[in-house]
Amino acid sequence: MSELPKHFDPAAIEARWYAHWEEGGLFRPERDDREPFTIVNPPPNVTGSLHIGHALDNTLQDILVRHQRLLGKDALWVVGTDHAGIATQMVVERQLNEKQQKRTDFSREEFVEKVWEWKEESGGEITGQLRRLGCSMDWSNERFTMDEGFTKAVTKVFVDLYNDGLIYRDKRLVNWDPGLKTAISDLEVENSEINGHFWHFSYPLEDGSGAISVATTRPETMLADMAVAVHPSDERYADIVGKNVRLPITGRLVPIITDEHADPELGSGAVKITPGHDFNDFDVGKRAGFKPANMLNMLDANAAVCQTADGLIPDELIGMDRFDARKTVVELIDAAGLLEQVEDRVIVTPYGDRSNVVIEPWLTDQWYVDAETLAQGPIQAVRDGTVEIVPKSWEKTFFNWMENIQPWCVSRQLWWGHRIPAWYGDDGKVYVAADEAEAQAQAGEDVSLIQDGDVLDTWFSSGLWPFATLGWPEETEDLKRHYPNSVLISGFDILFFWDARMMMQGMHFMGEVPWHTLYLHGLVRAADGQKMSKSKGNTVDPLGLIDRYGADALRFFMAAMESQGRDIKMDEKRVEGYRNFATKLWNAARFCQANGIGASETLEAPDATLPVNRWIIAETIQTIQQLDLAFADLRFDGAANTIYRFVWDRFCDWYLELIKPVLQQNSALEEIEETQMVAGWVLDQILVMLHPFMPFVTEELWSKMGDRPDYPLITAKWPLADAQAMDEDAAKEIDWLIRLISQTRSARSELNVPPAAIMGMYGGDADDETLERVQRFRFELSRMARTELVRGTPPNEPALQLVLDGTTFVLPLAKVIDLDAEKARLTKSLEATEKEALSLDKRLSNPQFVEKAKPEAVEKARADHAEKAAEAERLKAALERLG
RNA sequence: GGGCGCGUAGCUCAGCGGGAGAGCACUGCCUUCACACGGCAGGGGUCGCUGGUUCAAUCCCAGCCGCGCCCACCA
0 MSELPKHFDP
10 AAIEARWYAH
20 WEEGGLFRPE
30 RDDREPFTIV
40 NPPPNVTGSL
50 HIGHALDNTL
60 QDILVRHQRL
70 LGKDALWVVG
80 TDHAGIATQM
90 VVERQLNEKQ
100 QKRTDFSREE
110 FVEKVWEWKE
120 ESGGEITGQL
130 RRLGCSMDWS
140 NERFTMDEGF
150 TKAVTKVFVD
160 LYNDGLIYRD
170 KRLVNWDPGL
180 KTAISDLEVE
190 NSEINGHFWH
200 FSYPLEDGSG
210 AISVATTRPE
220 TMLADMAVAV
230 HPSDERYADI
240 VGKNVRLPIT
250 GRLVPIITDE
260 HADPELGSGA
270 VKITPGHDFN
280 DFDVGKRAGF
290 KPANMLNMLD
300 ANAAVCQTAD
310 GLIPDELIGM
320 DRFDARKTVV
330 ELIDAAGLLE
340 QVEDRVIVTP
350 YGDRSNVVIE
360 PWLTDQWYVD
370 AETLAQGPIQ
380 AVRDGTVEIV
390 PKSWEKTFFN
400 WMENIQPWCV
410 SRQLWWGHRI
420 PAWYGDDGKV
430 YVAADEAEAQ
440 AQAGEDVSLI
450 QDGDVLDTWF
460 SSGLWPFATL
470 GWPEETEDLK
480 RHYPNSVLIS
490 GFDILFFWDA
500 RMMMQGMHFM
510 GEVPWHTLYL
520 HGLVRAADGQ
530 KMSKSKGNTV
540 DPLGLIDRYG
550 ADALRFFMAA
560 MESQGRDIKM
570 DEKRVEGYRN
580 FATKLWNAAR
590 FCQANGIGAS
600 ETLEAPDATL
610 PVNRWIIAET
620 IQTIQQLDLA
630 FADLRFDGAA
640 NTIYRFVWDR
650 FCDWYLELIK
660 PVLQQNSALE
670 EIEETQMVAG
680 WVLDQILVML
690 HPFMPFVTEE
700 LWSKMGDRPD
710 YPLITAKWPL
720 ADAQAMDEDA
730 AKEIDWLIRL
740 ISQTRSARSE
750 LNVPPAAIMG
760 MYGGDADDET
770 LERVQRFRFE
780 LSRMARTELV
790 RGTPPNEPAL
800 QLVLDGTTFV
810 LPLAKVIDLD
820 AEKARLTKSL
830 EATEKEALSL
840 DKRLSNPQFV
850 EKAKPEAVEK
860 ARADHAEKAA
870 EAERLKAALE
880 RLG
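Per numbering that gives the first Met the number 0, the very first residue in the first sequence carries number 0; after that it's consecutive.
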C-alpha cells in the first residue's frame with residue numbers, strides 16, 4: 000500500500016500494468032480444471048494498424064474475457080493476424096512502385112520473400128496497439144493464417160472438400176478485377192449507380208428482309224455477341240425467330256432465339272446475347288446450347304479488346320481499352336447508319352472493393368466451393384437456436400443470404416497466399432493432394448506435374464480460425480476444450496465474409512457449430528454520422544484518443560455506447576467524460592486512503608450495524624445483480640451505465656459524504672472501524688466490477704489500496720450477489736435521509752439562503768420516531784443540509800417549510816427568508832403535487848380501470864394517490880401558515 | 001424490386017404498455033480539509049405525422065413523411 004499521487008495520469012500506469020500482466024502469464028492462468036470460456040479474435044490484417052473499429056470490437060471482447068476470468072473460468076482469448084492476400088500484396092506492390100519497380104520484375108519466390116520481409120517488419124504494429132488498448136489475449140499462442148500449422152490445416156481442408164465433391168474446378172463467368180488481375184468473389188463486388196447510356200442498335204437480318212433493334216448499356220461487347228433473344232411469347236418477332244442477323248463490324252452471323260430472359264416491355268423487347276461477358280447472357284447462352292468452352296471472349300486480363308476465336312474483330316480494335324472500344328464501336332455503328340437512339344440512363348455498375356476498378360464478367364477456369372451444400376448446416380443451426388444471433392434482427396439477413404448462396408469462387412490470381420494444392424499432369428488430369436509427392440504418387444511416375452499457380456481467397460483460410468488456431472487437424476487438448484468457442488464478436492460488415500464461412504467450415508469439419516452466440520455490432524461513425532474512411536480524411540485514430548484520455552476512457556466509451564443494433568457516432572466529449580470518471584474514482588480512492596480505508600479482507604459483505612453501511616452494502620449488491628443481468632444479455636451499455644451510476648451517484652456523492660461525519664467527528668471507535676471496513680469492501684467490489692471496462696486504473700488502485708502482491712485484480716473474484724445481505728429497513732432510512740437532505744438543499748437554493756448559513760429545523764408535527772431519526776443523523780444533516788434540530792414549538796414567524804412523508808419540518812429564518820419566494824416555491828410544489836393527485840384520481844374514478852387493469856397497477860395508483868393527496872394537504876397548510 | 005434499421009431535451013443516445021431518463025452543452029450558487037477532469041441546485045421534451053387496438057401508448061398494429069444501410073441479373 001503506497002500513497003496515491005494527487006493527479007491521475009493514465010499514461011503513467013498503462014504500459015507498466017500491461018507488461019506486468021503479460022509477463023506474469025496472467026491473461027491465461029493455469030485453470031485446467033475450470034469451465035472453459037473461449038473467444039477468437041477476428042484476426043486483423045497483419046500489416047494493418049489499429050483503427051477505431053478494431054478498438055470497439057476488441058474492447059467488447061476484452062470486457063467479456065476479463066469478466067469471465069474474474070468469474071473463475073478458464074478464459075481463453077485466441078489472437079493472431081491474417082495474411083490478407085490482396086490487401087497485403089497491394090501494400091507491397093505500392094512500395095515497389097515507389098522505387099520504380101513492379102511485381103513482375105521479380106520471380107514469384109522473390110516477391111513472396113519480400114512480402115514476408117514486410118510482414119516481419121510491420122506485422123507487430125497492430126499487436127502492439129492491441130496491447131495498448133489493454134486486450135488480455137493469449138499471446139503465448141499467437142497465430143498467423145500462413146504459419147506452418149495453419150497452412151497445413153488449409154491444405155487439408157481444400158483436399159478434403161475436393162474429395163467430398165464440395166470443391167470443383169469450373170469454367171464460367173467470374174467477377175474479374177482488371178486492376179488487380181484476379182478473380183474475386185461476389186461479396187468483394189460493390190455495386191454503385193452511375194450515369195450512363197442506353198444505346199439502341201439496328202441489327203440487319205441476314206436475308207435482307209429487315210432488321211431487329213436491340214439496346215445495350217455495353218455496346219463494346221457486341222463484338223462478342225452470339226445471339227439475339229426475344230421472349231417466346233412475343234408475337235412481334237414470331238416470324239423471324241430462327242433467322243440470323245449479320246452483326247455490324249464483325250459481320251458475324253448469329254441466330255435470333257427465344258428466351259424468358261428477354262423482357263418484352265424493355266426497349267424493343269429484343270436483347271443481344273453476349274455469353275462471355277454478361278452473367279445473364281451466360282445463362283441464356285447455356286440454355287441455347289452454347290458450351291462455356293465455345294463462348295466467345297473478346298477481352299484480355301486487362302479488359303482490353305482481344306481477338307475472338309472466330310477472328311472476326313477488325314485489327315483496329317484489337318488492344319483497345321474497353322472504354323475506348325465502347326466509343327469506337329458506337330462510332331462505327333453510327334457511321335454504318337445503324338445507331339437508332341442514345342438514351343441517358345442510370346446504370347448499376349460493379350466495382351472491386353479493393354481496387355475500385357469496374358469489374359468485368361470474364362470467362363475463366365476457377366475453383367469453386369459448393370457453398371449451397373455447406374450452408375445447410377448453418378441455416379439449420381440458426382433456425383433451431385444452436386447458434387443465437389444477437390441482435391436477433393440480423394437473422395433474416397443471414398437466412399436471406401444463406402438460402403440464396405452462390406458457388407464461392409476461392410481461387411485468386413495472386414502470389415501472396417495459400418497456394419492451391421492442385422497439380423496438372425501432362426496427361427490432362429488434375430491431382431489434388433496435400434503435397435507434390437502425394438500428387439505424384441496419385442499420378443504415377445510417368446506423368447509430369449505443374450502446380451496450380453493460384454492462391455486461395457483469404458476468407459477461405461480465416462474461416463478455419465475457430466478450430467485451426469486450436470491445433471486442428473491435430474486432436475489437441477485445446478481443441479477438445481475450446482471448440483465450440485463460447486461467443487463470436489464481429490462487425491456486421493463481415494457477417495457473410497467471415498462469420499458465415501466459419502459456420503460452414505466449422506460445421507463441416509468439426510461437426511459442430513463454431514460458437515453458440517454470434518454478437519454483431521455496428522460501425523463507429525464520424526461525429527457527423529458519416530462513415531469513416533481514409534479517403535474522406537475523417538478517421539479518428541484510437542491511439543490518439545488513448546494518448547489524450549487513456550485507454551480506460553476509450554474503452555468505457557465504447558462499452559457505454561454499444562447498444563445492440565446501432566452504429567456508434569464518435570463523440571470525443573464523451574470520451575473525455577469517461578476520463579473524468581476515472582479521475583473521480585481515483586480521487587475517491589485517495590479519500591479512502593486518507594481515512595484509513597484499505598483493501599477488504601473478505602469477499603463477503605462485512606457485518607455492519609450502522610444504517611449507512613447496511614444501506615451501501617445493499618446498494619452494492621443491487622449493482623452486482625444488475626451488472627450480472629446486463630452481462631447475461633450482452634448489454635454493454637447497460638453494464639457500463641450501471642457501474643458508472645453506482646460509483647458516481649451512490650458511492651461518491653452519497654456514501655462518502657455520509658460517512659465523513661462518522662470518520663471525522665469523534666465517533667465511537669467501533670463505528671469508525673466498521674465504516675472503514677465496509678467502505679474498503681465496497682471500493683474493492685467497485686474495482687472488480689469496473690475492471691473489465693477500465694482494467695488499468697482499477698488494477699493500479701487495487702494494488703495501491705492494499706498489499707496483495709499475489710492477488711492481482713485481473714485474476715480476482717467477481718463479487719457475489721448475496722441478497723441475504725440486503726437490509727430493507729436501512730435502505731428505507733437512508734433513502735429518507737437522502738430525500739430530506741435533497742429537499743432542504745433544493746429549498747435553500749431556491750430561496751437563496753446563503754450556503755454556509757445553519758438553519759434551525761423544528762420537527763413540527765413529527766412523530767417520535769422521526770424526531771429520533773433526525774437526532775441520530777444530526778451530523779450528516781448539519782454537514783450536508785446545514786440544518787440543526789431544534790426541540791419545541793417553532794416561533795411564530797415566517798419559515799421555510801418542508802413536507803416529507805408524514806412530516807412538515809419548519810425552518811424559521813426571519814432575517815433571511817423572502818416570504819414571497821417561499822410562497823412561490825410552495826405554490827409550485829403544491830401545483831405539481833395536486834396535478835399528480837388529480838391525474839391519479841381521474842384514473843381511479845374510471846370504473847374500467849379499476850375493473851380491467853392489473854390489480855398491482857390499481858393498488859399502486861391508490862397508494863400513490865393517498866400519498867400525493869396527503870402531501871398536497873400539508874403543502875396547503877404550510878402555505879396558509881405563511882398568510 | 002425485396003429486406004433491415006433509425007426519427008425521444010440544443011447535441012449524442014438509453015427506455016419500449018401505467019404517464020419520460022443519462023452524458024455533454026446551458027443557467028445560478030460554491031476557491032467546504034478526495035476530486036473545479038469538482039460540488040450543490042436548476043431550466044429544457046405535443047417521445048416524426050395520421051389513424052387503430054387497449055381501462056391506459058413514446059412503447060403494440062396499420063399507413064404516411066424524412067434519413068441511413070444491406071441484398072437483387074432488368075439488357
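No residue lacks a Cβ here, since even glycine has one placed at the ideal position from N, Cα and C.
query, result
"Paired residues, beta bridge with histidine 690 - DSSP", "Answer is none; histidine 690 lacks a bridge partner."
"Burial state of serine 139, where buried means 16 or more other Cβ atoms lie within 10 Å", "exposed"
"Top-ranked residue by Cα proximity to valine 173, from His19, Gly351, Arg15 and Ala152", "Gly351"
"Paired residues, beta bridge with arginine 411 - DSSP", "Val454"
"Beta bridge counterpart(s) of alanine 344 as assigned by DSSP", "One detail in the question is off: residue 344 reads as arginine in this sequence, not alanine. Looking at the DSSP assignment, arginine 344 forms a beta bridge with Gly195."
"Residue range of the unbroken alpha helix (DSSP H) whose run includes histidine 260", "Taken as a continuous stretch (DSSP letters only), histidine 260 belongs to no alpha helix (DSSP H), as it is neither H nor E."
"Helix, strand or coil at glycine 79 according to DSSP, with G and I counted as helix", "strand"
"Residues near valine 341 by beta carbon distance below 7 Å, same chain, minus five either side", "His196 and Trp198"
"Start-to-end residues for the beta strand (DSSP E) that takes in histidine 515", "514 to 520"
"DSSP bridge partner residues for tryptophan 361 (one or two, in chain order)", "Val173"
"Helix, strand or coil at arginine 785 according to DSSP, with G and I counted as helix", "coil"
"Sequence-distant residues of the same chain with beta carbon closer than 6 Å to alanine 729, five excluded per side", "Pro610, Arg613 and Trp614"
"Extent of the continuous beta strand (DSSP E) to which tryptophan 422 belongs", "421 to 424"
"Residue interval of the alpha helix (DSSP H) (run including glutamate 855)", "854 to 880"
"Cα-Cα separation between proline 390 and glycine 597, rounded to whole angstroms", "42 Å"
"Element boundaries [alpha helix (DSSP H), containing proline 377]", "370 to 382"
"Inter-stretch contact (C-beta, 8 Å, three-pair minimum) for the region 572 to 581 and the region 552 to 561", "yes"
"Rounded straight-line distance, which links the Cα of threonine 150 to that of glycine 416", "10 Å"
"Tyrosine 430, enclosing beta strand (DSSP E) - first and last residue", "429 to 431"
"Glutamine 684 burial status per 10 Å Cβ neighbour count (16 or more: buried)", "buried"
"Counterpart residues of aspartate 320 in DSSP-defined beta bridges", "Ala303"
"Valine 677, buried or exposed, once every other Cβ within 10 Å from all chains shown has been counted against 16", "buried"
"Any 3 or more C-beta pairs closer than 8 Å across the region 457 to 477 and the region 423 to 436", "no"
"Exposed unless 16 or more other CB atoms sit within 10 angstroms - verdict on isoleucine 885", "Any property of residue 885 remains undetermined from this structure, which presents the chain solely from 0 to 882."
"Phenylalanine 778 versus serine 562 - alpha carbon distance", "43 Å"
"Residue closest to serine 838, alpha-carbon to alpha-carbon, out of Lys290, Arg861 and Trp647", "Arg861"
"Sequence-distant residues of the same chain with beta carbon closer than 6 Å to threonine 37, five excluded per side", "Leu75, His481, Asn484 and Ser485"
"Contact the region 27 to 35 vs the region 57 to 74: 3+ CB pairs below 8 Å", "yes"
"Extent of the continuous beta strand (DSSP E) to which asparagine 243 belongs", "243 to 245"
"Length of the line joining the Cα atoms of aspartate 364 and glutamine 412", "11 Å"
"Glycine 52 versus valine 39 - alpha carbon distance", "16 Å"
"Residues bridged to alanine 18 (per DSSP)", "In DSSP, alanine 18 forms no bridge with anything."
"Valine 64, DSSP secondary structure in three states", "helix"
"Beta-carbon spacing of alanine 308, glycine 318 below 7 Å", "no"
"Proline 811 - containing alpha helix (DSSP H), residue span", "Segment 806 to 811 is the beta strand (DSSP E) holding proline 811; no alpha helix (DSSP H) there."
"Whole alpha helix (DSSP H) elements within the region 626 to 713, 4-residue minimum", "635 to 644, 656 to 663, 668 to 689 and 694 to 703"
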